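In this text, residue positions in the sequence shown follow full-length UniProt numbering: the first is 1, and each later residue adds one.
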Amino acid sequence: FVALFFLLFALRKIATLSLLMTLGFFLAFGYGLPARQQIEQLERKYTLLDMEQIPEKEQRNIRFVVVLGSANITDPALPESNQLDTASLYRLVEGIRIQRQLPQTFLILSGGVNQDPRANAAVARRVAESLGVESGRLVTEERPRDTTEEAKMLQPMLKDMPFILVTSAAHMERAMKLFQEVGTHPIAAPTDFLIKNNNQLTSSSFVPTCENLGLSQRMIYEWASQAWNSVNRLLE
């Protein structure tokens, strides 16, 4: 649009420069530069949860497995599991897997109303029940609209006890900081990894892809969210 504006006013050199810059940004983000490296660094800050590395005594003290929310959409033509977005579904499945390893725990499903009229936690609960999780082992928190609110609203329940925190790997660093800032003691259980390294070159390795554009969007989102959290800390 900027290039078209300059073309309309016969500023061809500026228009050409604008087009070249736009193309350059598109190619850089399309090839995943620098998004792939930045996202991978975020995702590798915390390793996969290994129960064997948690002392048995500490395992017995864990009461909650917290699954953070993402997004959902109501469509009666789809199964409930299809009404959760990919991030929510990955997080929920990982939370259920961990809760079954720690049968004394309760599964807390967090996530409020965003674009859809139904709270994310409510949809996740229905999916969890359909997958065999006992209703009495489920706790839903349907008020939070973002991670900051999730940390603040869950703190009275979590208190100072260790708990498992499940969220997307790229989101984990920010989530851990927010929960630690309110005085809780999360144990990271990252899932929904965007960067999967198999070291194999394919045809898509040599062309810009929509997947890489999505990674760039995610990187910008995390940067913006971290900046917003920093501003909020200064204002509090």
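Ideal placement from N, C-alpha and C gives every residue a C-beta, glycine not left out.
Owing to the predicted nature of the structure, the values given are computational and were not obtained by experimental measurement.
#1: With a Cβ-Cβ cutoff of 8 Å, do Thr22 and Ile62 count as a contact?
#2: CB-CB under 6 Å to Gln38, same chain, minus the five flanking residues each way: which ones, in chain order?
#3: Looking at the secondary structure, which residues open and close the beta strand (DSSP E) in which Leu109 lies?
#4: Give me the Cβ distance between Val123 and Asn72, rounded to the nearest whole Å; I'm assuming they're in contact under 8 Å.
#5: Counting along the chain, where does the alpha helix (DSSP H) carrying Glu52 start and finish?
#6: Report the residue from Ser225, Leu158 and Leu138 whose alpha carbon sits nearest the alpha carbon of Glu173.
#7: Just how far apart, CA to CA, sit Arg36 and Leu215?
#8: Could you please give me the residues that DSSP links to Phe163 through a beta bridge?
#9: To the nearest angstrom, how far is the alpha carbon of Leu138 from that of Val207?
#10: Please classify Phe179: does DSSP put it in a helix, a strand, or coil?
#11: Could you tell me whether the region 83 to 90 touches the region 178 to 188, where touching means 3 or more Cβ pairs closer than 8 Å?
#12: Can you give me the C-alpha to C-alpha distance between Leu116 and Ser70, rounded to a whole angstrom?
#13: Check each candidate in Arg143, Pro162, Met161 and Asp160 and name the one with the smallest Cα separation from Met153.
#14: Restricting to runs no shorter than 3 residues, where is the beta strand (DSSP E) found entirely within the region 56 to 136?
#15: Would you list the residues sitting across from Leu138 in a DSSP beta bridge?
#16: Would you kindly report the start and end of the unbroken alpha helix (DSSP H) that includes Leu158?
#17: What whole-angstrom Cβ distance do Gly24 and Val67 have, given they're in contact under 8 Å?
#18: Rounded to the nearest angstrom, how far is the Cβ of Thr74 from that of Arg44, given a contact under 8 Å?
#19: Using only CA atoms, which one of Asp160, Trp223 and Asp192 lies nearest to Val182?
#20: Mind checking who Ser168 pairs with in its DSSP beta bridge?
#21: If you run the structure through DSSP and keep just helix, strand and coil, what is Thr22?
#22: Would Gly112 pass as a contact of Arg145 if the rule is Cβ separation under 8 Å?
#23: Could you give the distance in angstroms between the alpha-carbon of Leu4 and the alpha-carbon of Ala169?
The answer reads as follows:
#1: no
#2: Met219
#3: Phe106 to Ser110
#4: 5 Å
#5: Note, Glu52: premise wrong, no alpha helix (DSSP H); not H, not E.
#6: Ser225
#7: 7 Å
#8: Pro186
#9: 45 Å
#10: helix
#11: no
#12: Inspection of the sequence shows that residue 116 is occupied by Asp rather than by Leu. Near 11 Å, if we compare the C-alpha coordinates of Ser70 and Asp116.
#13: Arg143
#14: 64 to 67 and 106 to 110
#15: Leu107
#16: Thr147 to Leu158
#17: Not a contact, Cβ separation roughly 40 Å.
#18: In fact, because the Cβ distance is near 35 Å, the residues do not count as touching under 8 Å.
#19: Asp160
#20: Thr191
#21: helix
#22: yes
#23: For Leu4, the predicted model reports a pLDDT of 49, less than 50, meaning its position is unreliable; a value from the coordinates is still stated below. Computed Cα separation, rounded: 40 Å.
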